[in-house]
Every structure is written in structure tokens, then in C-alpha cells.
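Protein chains: 2
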Amino acid sequence: MRATLGLIQMAMDPDPALNVAAAIHWVRAAAKEGAQIVVLPELFRSQYFCQKEDADLFELAQPLDNEENQRFAALAAELGIVLLLPVFEKRAPGIYHNSMLVIDADGSRAGLYRKMHIPDDPAYYEKYYFTPGDLGFKAFDTRFGKVGTLICWDQWYPEGARTTALLGAQVICCPTAIGWHPYEREEFGTQQRDAWITVQRGHAIASGVYYAAPNRVGFERLVPEQAGIQFWGSSFVCDPQGVMLAQASDDKEEVLLAEMDPGHLEYIRRNWPFLRDRRIDAYGGVTRRYLDEA
Amino acid sequence: MRATLGLIQMAMDPDPALNVAAAIHWVRAAAKEGAQIVVLPELFRSQYFCQKEDADLFELAQPLDNEENQRFAALAAELGIVLLLPVFEKRAPGIYHNSMLVIDADGSRAGLYRKMHIPDDPAYYEKYYFTPGDLGFKAFDTRFGKVGTLICWDQWYPEGARTTALLGAQVICCPTAIGWHPYEREEFGTQQRDAWITVQRGHAIASGVYYAAPNRVGFERLVPEQAGIQFWGSSFVCDPQGVMLAQASDDKEEVLLAEMDPGHLEYIRRNWPFLRDRRIDAYGGVTRRYLDEA
Numbered sequence: 001m002r003a004t005l006g007l008i009q010m011a012m013d014p015d016p017a018l019n020v021a022a023a024i025h026w027v028r029a030a031a032k033e034g035a036q037i038v039v040l041p042e043l044f045r046s047q048y049f050c051q052k053e054d055a056d057l058f059e060l061a062q063p064l065d066n067e068e069n070q071r072f073a074a075l076a077a078e079l080g081i082v083l084l085l086p087v088f089e090k091r092a093p094g095i096y097h098n099s100m101l102v103i104d105a106d107g108s109r110a111g112l113y114r115k116m117h118i119p120d121d122p123a124y125y126e127k128y129y130f131t132p133g134d135l136g137f138k139a140f141d142t143r144f145g146k147v148g149t150l151i152c153w154d155q156w157y158p159e160g161a162r163t164t165a166l167l168g169a170q171v172i173c174c175p176t177a178i179g180w181h182p183y184e185r186e187e188f189g190t191q192q193r194d195a196w197i198t199v200q201r202g203h204a205i206a207s208g209v210y211y212a213a214p215n216r217v218g219f220e221r222l223v224p225e226q227a228g229i230q231f232w233g234s235s236f237v238c239d240p241q242g243v244m245l246a247q248a249s250d251d252k253e254e255v256l257l258a259e260m261d262p263g264h265l266e267y268i269r270r271n272w273p274f275l276r277d278r279r280i281d282a283y284g285g286v287t288r289r290y291l292d293e294a
Numbered sequence: 001m002r003a004t005l006g007l008i009q010m011a012m013d014p015d016p017a018l019n020v021a022a023a024i025h026w027v028r029a030a031a032k033e034g035a036q037i038v039v040l041p042e043l044f045r046s047q048y049f050c051q052k053e054d055a056d057l058f059e060l061a062q063p064l065d066n067e068e069n070q071r072f073a074a075l076a077a078e079l080g081i082v083l084l085l086p087v088f089e090k091r092a093p094g095i096y097h098n099s100m101l102v103i104d105a106d107g108s109r110a111g112l113y114r115k116m117h118i119p120d121d122p123a124y125y126e127k128y129y130f131t132p133g134d135l136g137f138k139a140f141d142t143r144f145g146k147v148g149t150l151i152c153w154d155q156w157y158p159e160g161a162r163t164t165a166l167l168g169a170q171v172i173c174c175p176t177a178i179g180w181h182p183y184e185r186e187e188f189g190t191q192q193r194d195a196w197i198t199v200q201r202g203h204a205i206a207s208g209v210y211y212a213a214p215n216r217v218g219f220e221r222l223v224p225e226q227a228g229i230q231f232w233g234s235s236f237v238c239d240p241q242g243v244m245l246a247q248a249s250d251d252k253e254e255v256l257l258a259e260m261d262p263g264h265l266e267y268i269r270r271n272w273p274f275l276r277d278r279r280i281d282a283y284g285g286v287t288r289r290y291l292d293e294a
């Protein structure tokens, strides 16, 4: 069954209530345009707080069963859409995850993914906030197809995308929050954004799977003496051969629509039969940190 | 230590002796231009015979220690270059491999790689000729750096590139013979070639490694009633962030030069520290055929 993907590219306000309201607006707009699987950007509820390490910011985390998430579940049911809802999950005092709820089109929970790879770079201090995911890689049955999940930093790891595809995902959805350090943009901006797009298109090609990456836009500076981050948008959907089906601007809020066709996915996999020839007897090294003893 | 890569993009004659002579010419030309690690295209000694299944064509295979390979070893020693020499290896009656000798700059053998992933597609009947490699993925110490090896169809498999990088390769060299079915070129040609480039640049980005892919050019039709293959050249070298350092035409014989700088490799890996955060506890699924029971 074909399905229409809808990716929300949005900018975030300092006030979470306004972001939630904006997200609801955009999800309704996407559904109105025909989207059936709608994906919000990573941590859409807030500005990207990982620009600093501040214990007070754990207050942004919420348990999964909160009123806001119930509201999104009701929205999904009302619109009859699958909704991928990134959340800052409060699991227990001291255990917080960068997670994503997959809400099925009847409002029920299809599943939960917890970001597996946690970065730590200047202005991306995520290791301070997020406990690494313990659920492994995931693909979930939904009304509109089997949906795989990754979050942001996961995007750089072929093992994650591959495992998600082997679980049967027809599309891998990878909400993100990635941008330029303003002081690097002129010299390195083009190649950094290009690397981000290329490695993900590579995952799509290697496993013959649709790939959807919604990102945020806008400039956010949470620490006055720091340079802030210019989020580069450029949300995209590519097909199982890496062909770009839709790509957003690097500076505007928008809804991105693209069709996912399981028939095309199978056509590509038949004509480029990579999955047939995998040398699973020889891949054990991938589970090692480094092969300096080999 | 910096090193200059030299990729040979050439067209093949029906007569192997002429291809060997041409390869020697091109290797000398590359060395003269400063190349220190020279890579020839896959199976450069012959036209792409896998367009048909014909038992007589096993006659093209040679044991590794033949006079021709000794000649190439002497050439490497004379020029003081590392030479990556793709060969159709006769290992034993009934066991033939699509292999590559890595010859060090003193003419000694640095190592041998045997193609791990063997394709079988219309006009690429390699499963008939080539026993799958049994040496695993490889990286070899040479005078000019640690050189990783893949061959053609291997290029589509992130696990192969990742393992090669984890073995310490500074550059992954992947000679290939890939082209268009003439009847597909107009409709699908651009996206097919783009997928080939993209997935390999993705490997470079994911593991922070240089990547070099020499391909052949020219039209070859070994079976009169078939359409033949238009080999698409487009040999390239990209850096550890996937930035294209050099790219060849799709129709001309040429030498492609690019510099490999271990300092730049380390700079990229420090600023995009993907290898640090791999979730090796969660990658076991990659060694499975499909995760339909998971």
C-alpha cells in the first residue's frame, strides 16, 4: 500500500507551549495536504537546550504518559495519521532519554524508540542529558506501513540503518537537530550539510529503503557568550535508490510531502539485489570497537 | 605521511596482452606524475567476460605467481610505488577468485584480497566464475600508508567498508567494472551512477576514511545478441568527509591523482567523532540475514 510521508520542518520558540501549538498546526496542515505518516523534528518541543549543561533543564523532560502526548495521540486518531513524536523522556529520576513515540492512526502507541548514539561536541552536549537507548533499533507496524526509527546522531551509523532495514522498515524516519556553527559556515558549511545528506542517502541505497529526515530551522543561541547554532533545515525524503523525492529549504518552516511505494521498493531491491549477497559470515568485526588486534 | 593516490581509468581490448601493456604504460604515467599508490581497475587484463557463462573463459585465470604478476612487482619496485593489481586468480582447478594483489614499493607482496560479495545480474554473471572470498576484509601496511581493499560489488556493503576502516585503513581502494545497460541509460543512467558514487562517499563519511574507486570506460559487447555494457568511468577519490578530491570523465582513459593526508583524516575524525560513539553492544543484528524473527 502506498503512503504519503509528511515531514515538518519548523523553527522553535523559547516557550515550549508555543512549539507544541505550532507542531499541532503543522501536523494538521500536513494531514490536510494528504500526509499519512507525519514526522516532527527531534526535540521539537523546545529550543536545542543541549547548547549548555544545566541541571535545571532536566525540567523539560516529561514522562511518556503525559497530557501533552495524550493530546498528540488524540490528534493522530482524529486525523487518521501515523505520528512520529520526538520527546525528551523522563524515565526515572536520573534517567532521561532522547526518544520518539510512534503513534498509530487510531491513537494507540505503536512503539517507542530511544536514541542509541549520543553525541558530545561543542554546543551539542547531549551526553550530559541523554542516557543511551536500551531498546535497540526498531521498526514498527503501523496502519500505513512498517516504519523504522532513528534520531539525529544515529544518522551517521550504517549499522543502525542496516539493522532497522533488516527489521523490515519500508522507511527509516530520522528526526534531527543539526546545524552550522556560524563561525564555520562559510568555510565548511556546504561540505558539512552535504556529508549529512550523503551518508543518509547512502543508507537508503545500501538497504533499498525510503529515508526521511526532518530537521529544524532557525538560529538559536542559548548561551550569550557562545556563537549559537544556525540549524540548516534541508529536510528531505529519498527513495530506495537514494533519489531525492523532496527537499526543503535551509531557512523556512515548511511541510515536505513524498510518496512511499512498497512496489517501487521491491522493484529496486530486485534490480539491485544487495540484500541477497550480504556476507553475514564475515561481518562479526562490526561488533568490535576497533580491529587493532586482528 | 602524506601520499599521492593514482587511479587508472582505462578501456579494455579483447587481447589481454594489449591490456597488460596499456596498464604498464598508465602505471608509468601515473608514477611520473607523482602517484605513490597506484590502483588499476577490476579485472583490467581482459574485457568484462562475465557478460556470458562460458567454461572456456576460466582459461583467463592465472595462478598468483605468474610471470605477468612478477613483471608488475618488478615495475612497482622500479618506480618505488605501491601497486594494487586486480587479478583473476586461479587458486585450484574449480576454485577461481576475483582478487587483488597489493604490491609494496619494494616489489614484495604486502597482501592479497579476495572479493567477498559476488554479484549475479543480467550481463554480470559473476557467481558463475568467482568463488566468494575467504580471507575476510583487509587493510595492508605499505610504504605509503595503510591501504584497505574492496572490489566492485563490495562497494554496496557498509559492513565491508566499516570493517576495512576498523582494521586501520587510511584509504579504501575499490577497483570496479560498472556501467550502464544501454537500454536503461537514458531513463535510469544518472541515478544509477549517482547511487554508486553516493553509497561509497557515504562509507568514507561514516568511517572517516579516504576512498578511491577506479572504474573502466568503453563499450564492451561479448555476446552479439546482447546489448553490451557501457562502462561509466567516473573514477573518483573522496576525502574522509566525502568531499570529492578528483573525479574522472565517463568516457576517457585517464590518470586521476589525489593527495591522502593522515593529518586531515585525524582532523575530520576529531571534529566528527563517529567512531567514538558506536553502539557495538547493539550491532549483532548485522550478522543476521534478516531480522524477521526479532
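Chains R and B, in that order, are what the protein sequence lines are.
Numbering of the first sequence is given in the numbering used here, commencing with residue 1 and proceeding in unit increments.
Numbering of the second sequence is given in the numbering used here, commencing with residue 1 and proceeding in unit increments.
Ideal Cβ positions, reconstructed from N, Cα and C, are used throughout, including at glycine.
Of the residues assessed, R:Q70 falls on the exposed side of the cut-off, its CB having fewer than 16 other CB atoms within 10 angstroms. Shown here for B:A165: same chain residues with a beta carbon closer than 6 Å to its own, the five before and five after excluded, namely S207 and V209 in chain order. In the three-state reduction of the DSSP assignment, B:W232 falls in the strand class.
Contact between the stretch 152-166 of chain B and the stretch 197-204 of chain B is present: three or more C-beta pairs spanning the two stretches fall below 8 Å.
Rounded to the nearest whole angstrom, the CA to CA distance from R:I178 to R:G233 is 8 Å. Residue nearest to B:L150 within the set B:V87, B:G107, B:D104 and B:E187 is B:V87 (criterion: CA-CA distance). Per DSSP, reduced to three states, the secondary structure at B:W180 is strand. When CB distances to chain B are screened at a threshold of 9 Å, the residues of the stretch 263-291 of chain R falling below it are N271, W272, P273, F274, L275, R276, D277, R278, R279, I280, D281, A282, Y283, G284, G285, V286, T287, R288, R289, Y290 and L291, in chain order. Each residue's CA atom was taken as its position, placing B:V286 and B:P41 some 29 Å apart. The Cβ neighbour count for R:E220, taken over all protein chains shown within 10 Å, is at least 16; the residue is labelled buried. When only Cα atoms are considered, B:A282 and R:G136 end up about 6 Å apart.
Counting C-beta pairs closer than 8 Å gives three or more between the stretch 116-132 of chain B and the stretch 84-98 of chain B, which meets the contact rule. Around the Cβ of B:P122, a 10 Å sphere holds fewer than 16 other Cβ atoms; the residue is exposed.
Looking at R:E68, R:M1 and R:M10, the one whose alpha-carbon comes closest to that of R:A213 is R:M10. If you look at R:P158, you'll find it in the alpha helix (DSSP H) that goes P158 to L166. Within the stretch 180-258 of chain R, the complete alpha helix (DSSP H) runs of at least 4 residues fall at 182-207.
Within chain R, no residue has its beta carbon less than 8 Å from that of B:R193; the closest one is some 11 Å off. Among the residues of chain B, those whose CB is under 7 Å from the CB of R:G168 are D292, following chain order.
Listed by position along chain B, the residues whose Cβ is nearer than 7 Å to that of R:R162 are P158 and V286. Within the stretch 134-152 of chain B, contact with chain R at the beta-carbon level (separation under 8 Å) is assigned to G136 and F137.
Those residues of the stretch 201-219 of chain B placed with their C-beta closer than 8 Å to a C-beta in chain R are R201, G202, H203, I205 and A206, ordered along the chain. Ranking B:A35, B:Y267 and B:R28 by CA distance to the CA of B:I205 puts B:Y267 first. Taking all protein chains shown into account, R:N19 has 16 or more neighbouring C-beta atoms within 10 Å of its C-beta and is therefore buried. Under DSSP, the beta-bridge partners assigned to B:M260 are B:A3. The count of Cβ pairs closer than 8 Å, one atom from the stretch 243-256 of chain R and one from the stretch 237-252 of chain B, stays below three, leaving the stretches out of contact.
In the DSSP assignment, B:E89 falls within the unbroken beta strand (DSSP E) covering V82 to A92. Partner residues in the beta bridge of B:Q9, as assigned by DSSP, are B:E254. One finds D277 in chain R with Cβ atoms closer than 7 Å to the Cβ of B:P119, taken in chain order.
The way I'd put it, the stretch 70-80 of chain R doesn't touch the stretch 173-189 of chain R; fewer than three beta-carbon pairs between them come closer than 8 Å.
The C-beta of B:G160 has 16 or more other C-beta atoms within 10 Å across all chains shown, which makes the residue buried.
Proximity of chain R to B:G242 at the Cβ level (cut-off 8 Å) is accounted for by Q191, D194, A195, T198 and V199, in chain order. Chain-ordered listing is empty here: chain R has no CB closer than 8 Å to the CB of B:M10, the nearest sitting near 26 Å.
For B:R162, the CB contacts under 8 Å within the same chain, skipping 5 residues up- and downstream, are H203, A206 and S207 in chain order.
With 16 or more other Cβ atoms inside 10 Å of its own Cβ, R:N215 counts as buried.
Close to R:M116, with beta-carbon spacing below 7 Å, are these residues of chain B in chain order: R279 and A282.
In this chain, B:H25 is not harboured by any beta strand (DSSP E); it is covered by the alpha helix (DSSP H) spanning P16 to K32.
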